[in-house]
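Asks: The end of the sequence shown is residue 612 by the working numbering, with every number in the run present.
Have a look at the structure that comes next, please.
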Amino acid sequence: MSNLSPSIISDLKNLNVPLCVVCDDAKSEGQHFGQYSCKACAAFFRRTVSYKNNYECKIDKQCKISKDIRNICRFCRFQKCLEKGMLPNLVQGHRDSYGKRTTLSESPVSVALTENREEEMKLMPQMLKGYTKFLSIRKASCDLLINETYSPNSIPHSKYSNAKKVMQMTTNLCYEMIMEYFLPFSTFAPEDQKILFHDFAVLFDNAEKSYNTFKAYGYIKNNDKVILADGGYIKLDETYKFFINSMDVSSDPQQLAKIFLQCFTYIAKVVVPAMTENFIDDFSMVAVYGLCLFKSDIADISDKTRETITKIREEIIREMHIYYRKKSTENTEITIKICKILLLIPTLEHVGRLFHENFNLVDLFSMLDVPKTYKN
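Here it is, written out as structure tokens:
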């Protein structure tokens, strides 16, 4: 064996590494809960069993689970875990799965808030990594879900049925991203997680519409187009086309257009120009998402969670300051920049309320099948 090249030796070693039984990832990390699996699938299985999560498949309960799109459907992913022989009884309780933690100061998050405070960023790089991964998985999943061929050099018209399917899939992917990368959300009590994510899911959907519109059309003065969840666009004066030829629509497209036009106009004329003015990038959006997810002004969350959230919000703002300082921004300009980004939050919350109210209205009169994200 010593006469073989290092690359051949490496290849021979890799032959002995079993694939993950769930997603076929070559990076199996040994046996977890009775079967060989990667870290991501093992963590997903442990989380599902620990929290007794119940999932629903949005399609036909036969979603293909692979390493590139392992998050496309949590129902089918968990079923595959069970079918491949992963054993729920080997999962320890919630407390054991994270180790003993009596106070915030003993947790990894506390270390992130106190260690090397002057220069090192602990939370935001991890969140940004999760968001980058989310974007990649969303694109691959969207292509599979819609199954339509478009020219790579053009943006297609959006269709309500496509947008609805992708929106529901995106909400699932968003939850997976938050659980894995937005520390310490996964350590919160399940009820607190549910409350925080319920409000955040609507904001995230509309913030992504706005951000994608900004990236596609932000440079165009008086832009009249909005990018929706399926990656397609609508024109403000042709909003009715969005609702045409859809099995999910049971009323006049023109009437629906009148109801939703205000929402789309607000994105095109208010939110996108604000993003353009402030040169928003992925880091800025992830900071906004972190601050909107970790909200301390929600009455129904526990005091322990609220205390942790307060520290997390302070850390996110501190890391924003580091980020812009490293871009050679003057201190005064840093303060103005951060304030302008923070002022985006009520704008995004407002557009979320507009869509939520309108979806509640059309749901009340059974005008179309409303995405689950917007159902109370």
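A virtual CB, placed ideally from N, CA and C, is assigned to each residue, including glycine.
The structure presented is a predicted model; accordingly, all values stated were derived computationally and were not measured.
1. Note down the Cα distance separating residue 508 from residue 264, rounded to an integer number of angstroms.
2. Compare the C-alpha of residue 533 against each of 525, 422, 542 and name the closest.
3. On the DSSP letters alone, give me the boundaries of the beta strand (DSSP E) that residue 503 sits inside.
4. Give me the Cα-Cα distance between residue 335 and residue 380, rounded to the nearest whole angstrom.
5. What's the gap between the Cα of residue 230 and the Cα of residue 374?
6. State the Cα-Cα distance for the pair residue 602 and residue 359, rounded to the nearest angstrom.
7. Ends of the alpha helix (DSSP H) at residue 553?
8. Rounding to the nearest angstrom, what Cα-Cα distance links residue 606 and residue 485 in this structure?
9. Closest by CA to residue 452, which one among 428, 511, 519, 367?
10. Nearest to residue 480 by alpha carbon, out of 460, 399, 409?
11. Which residue or residues does DSSP assign as beta-bridge partners of residue 471?
12. Taking the continuous alpha helix (DSSP H) assigned at residue 379, which residues delimit it?
13. Using only CA atoms, which one of 308, 478, 469, 428 lies nearest to residue 409?
14. CA-CA distance, residue 463 and residue 469?
15. Can you tell me whether residue 604 is helix, strand or coil according to DSSP?
16. Does DSSP put residue 285 in a helix, a strand or coil?
Replies: So, from the data block:
1. 43 Å
2. 542
3. Residue 503 -> no beta strand (DSSP E), and no H or E assigned at all.
4. With a pLDDT of 37 at residue 335, under the threshold of 50, the predicted position of this residue should be treated as unreliable, though the coordinate-derived value follows. Taking the straight line from one Cα to the other gives about 39 Å.
5. Since the first and last residues shown for the chain are 237 and 612, residue 230 lies out of range.
6. 43 Å
7. 539-562
8. 9 Å
9. 511
10. 399
11. 461
12. 360-382
13. 308
14. 4 Å
15. strand
16. helix
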